[in-house]
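K.L.:
Below are the structure tokens for one structure; questions will follow.
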Amino acid sequence: MGRYLFSGIIFAFAAGIQPGPLQTYYINHALLYGWRKTLPSVLAPLFSDIPIIALVLFALHTTSKLFLQILQCGGGVFLFFLAFGAWKNWLKLKKAGSLPLPSQSKTLIKAISVNLLNPNPYLGWSLVMGPLFLAGWKENPVNGIALLGGFYSTLILCSGGIVFLFASARNFGPRIIRAAAGISIFALAGFGIYQLWSGLAR
């Protein structure tokens with residue numbers, strides 16, 4: 065059991081600190097709205113990964129190239145939509161100095177959408193986590209549960225750390241908030257371009 069728990073922790077830590085669309089969404093939202101409104105969104109993988117895991121385990125290693133292309137292109141368009149929304153909020157912040165706070169449920173739904181349209185969870189589950197989970201479950205179901213527990217608890221902790229880290233930047237004043245939020249908008253748009261290019265170039 066220990067081996068599977070440790071594997072889940074290590075893989076989640078690597079995935080959690082790697083720059084990606086979901087992490088960039090956390091950063092942008094934490095900078096604009098603070099940690100209280102952003103923290104619930106770190107639970108997004110618990111909801112979005114359920115259909116991902118079901119799909120991957122049902123058709124392990126048979127995920128079609130066309131499916132990943134469509135996913136990446138759709139994800140790229142959605143990231144552009146988020147970047148545009150973040151840019152409008154940035155303009156409001158620059159003009160008014162504050163923003164109306166969004167509901168936590170809306171924040172969580174957006175984070176779930178980002179993760180569902182991100183090909184990384186599909187690839188991670190089909191190439192690493194899926195085979196490891198099936199091997200562990202076959203030996204003993206406790207191994208599979210330990211893998212999932214280690215993975216998701218670590219992923220949520222890493223994401224929460226990112227939220228707190230960038231929310232604390234709000235203490236440096238509105239100029240720093242606007243500058244950092246502006247950078248995160250370019251990062252969201254950059255990931256959108258990368259997703260579209262990856263999907264169309266496959």
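First residue of the sequence shown? That's 65 in our numbering, and the numbers climb one at a time after it.
Just so it is clear, CB atoms sit at the ideal spot from N, CA and C, and this is done for glycine as well.
Over what stretch of residues does the alpha helix (DSSP H) that includes residue 92 continue unbroken?
P.N.:
The residue labelled residue 92 in the question sits at position 28 within the sequence shown. It spans 85-97 - the alpha helix (DSSP H) in which residue 92 sits, taken as one unbroken run.
K.L.:
Buried or exposed for residue 182, going by 16 or more other Cβ atoms inside 10 Å?
P.N.:
The sequence position of residue 182 within the sequence shown is 118, counting from 1. Result: buried.
K.L.:
Note down the Cα distance separating residue 83 from residue 119, rounded to an integer number of angstroms.
P.N.:
Position 19 of the sequence shown holds residue 83. Position 55 of the sequence shown holds residue 119. In a straight line, the C-alpha of residue 83 is about 25 Å away from that of residue 119.
K.L.:
Nearest to residue 67 by CA position, among 137, 155, 214, is which residue?
P.N.:
The residue given as residue 67 occupies position 3 in the sequence shown. When only C-alpha atoms are compared, the closest one is 214.
K.L.:
Whether or not the stretch 99-107 and the stretch 247-262 are in contact is what I'm after, with contact meaning three or more pairs of Cβ atoms, one per stretch, closer than 8 Å; do they touch?
P.N.:
Segments in contact, no.
K.L.:
Flag this pair as yes or no: are the beta carbons of residue 178 and residue 95 separated by less than 8 Å?
P.N.:
Along the sequence shown, read from residue 1 onward, the residue named residue 178 stands at position 114. Along the sequence shown, read from residue 1 onward, the residue named residue 95 stands at position 31. Not in contact: residue 178 and residue 95 (Cβ atoms no closer than 8 Å).
K.L.:
Taking residue 113 as the reference, which of 146, 175, 88 has the closest Cα?
P.N.:
As a first step, residue 113 must be located in the sequence shown, where it is residue number 49. Residue 113 has its Cα closest to that of 175, out of 146, 175, 88.
K.L.:
If distances are taken between C-alpha atoms only, which option among 232, 199, 190 comes closest to residue 115?
P.N.:
To locate residue 115, count along the sequence shown from 1; it is residue 51. Of the listed residues, the one whose Cα sits closest to residue 115 is 190.
K.L.:
Note the first and the last residue of the continuous alpha helix (DSSP H) segment covering residue 230.
P.N.:
As a position in the sequence shown, residue 230 is number 166, starting the count at 1. First-last of the alpha helix (DSSP H) with residue 230: 205-231.
K.L.:
Are the CB atoms of residue 136 and residue 259 within a distance shorter than 8 Å?
P.N.:
Counting from one through the sequence shown, the residue named residue 259 turns up at place 195. Counting from one through the sequence shown, the residue named residue 136 turns up at place 72. Yes; because the gap between Cβ atoms is below 8 Å, this pair is in contact.
K.L.:
Under a three-way DSSP split, which group does residue 179 fall into?
P.N.:
Position 115 of the sequence shown, counted from the first residue, corresponds to residue 179. Reduced to three states, the DSSP call for residue 179 is helix.
K.L.:
Return the residue from the list 225, 75, 205, 89 that minimises the CA-CA distance to residue 144.
P.N.:
The residue given as residue 144 occupies position 80 in the sequence shown. Ranking the options by Cα distance to residue 144, first place goes to 89.
K.L.:
Excluding the 5 residues preceding and the 5 following residue 218 in the sequence, name in chain order all residues of the same chain whose CB lies nearer than 6 Å to its CB.
P.N.:
Taking the first residue of the sequence shown as position 1, residue 218 is located at position 154. Cβ within range, chain order: 73, 76, 77.
K.L.:
Buried or exposed for residue 146, please, with buried defined as at least 16 other CB atoms from any protein chain shown within 10 angstroms of its CB.
P.N.:
What you label residue 146 is simply residue 82 of the sequence shown in a count that begins at 1. Residue 146 is buried by the Cβ-count criterion.
K.L.:
Is the beta carbon of residue 263 less than 8 Å from the beta carbon of residue 140?
P.N.:
If you number the sequence shown from 1, residue 263 lands on position 199. If you number the sequence shown from 1, residue 140 lands on position 76. Yes, these two residues count as a Cβ contact at 8 Å.
K.L.:
Are the CB atoms of residue 196 and residue 211 nearer to each other than 8 Å?
P.N.:
As a first step, residue 196 is located in the sequence shown; it is residue number 132 there, counting from the start. As a first step, residue 211 is located in the sequence shown; it is residue number 147 there, counting from the start. Going by C-beta atoms, residue 196 is nearer than 8 Å to residue 211.
K.L.:
Can you tell me whether residue 167 is helix, strand or coil according to DSSP?
P.N.:
Looking up residue 167 in the sequence shown gives position 103. Looking at residue 167 - three-state DSSP - the assignment turns out to be coil, as it is neither helix nor strand.
K.L.:
Skipping 5 residues on each side, what residues in its chain have a beta carbon closer than 7 Å to that of residue 223?
P.N.:
The residue labelled residue 223 in the question sits at position 159 within the sequence shown. Closer than 7 Å at Cβ, skipping near neighbours: 80, 90, 106.
K.L.:
Please report the Cβ distance between residue 244 and residue 231, rounded to the nearest whole angstrom; I am assuming they are in contact, meaning their Cβ atoms lie under 8 Å.
P.N.:
As a position in the sequence shown, residue 244 is number 180, starting the count at 1. As a position in the sequence shown, residue 231 is number 167, starting the count at 1. At roughly 11 Å, the Cβ-Cβ gap does not stay under 8 Å, so residue 244 and residue 231 are not in contact.
K.L.:
Among 138, 185, 69, 194, which one has its Cα closest to the Cα of residue 257?
P.N.:
Here residue 257 corresponds to residue number 193 of the sequence shown, with the count starting at 1. When each option's Cα is compared against that of residue 257, the closest is 138.
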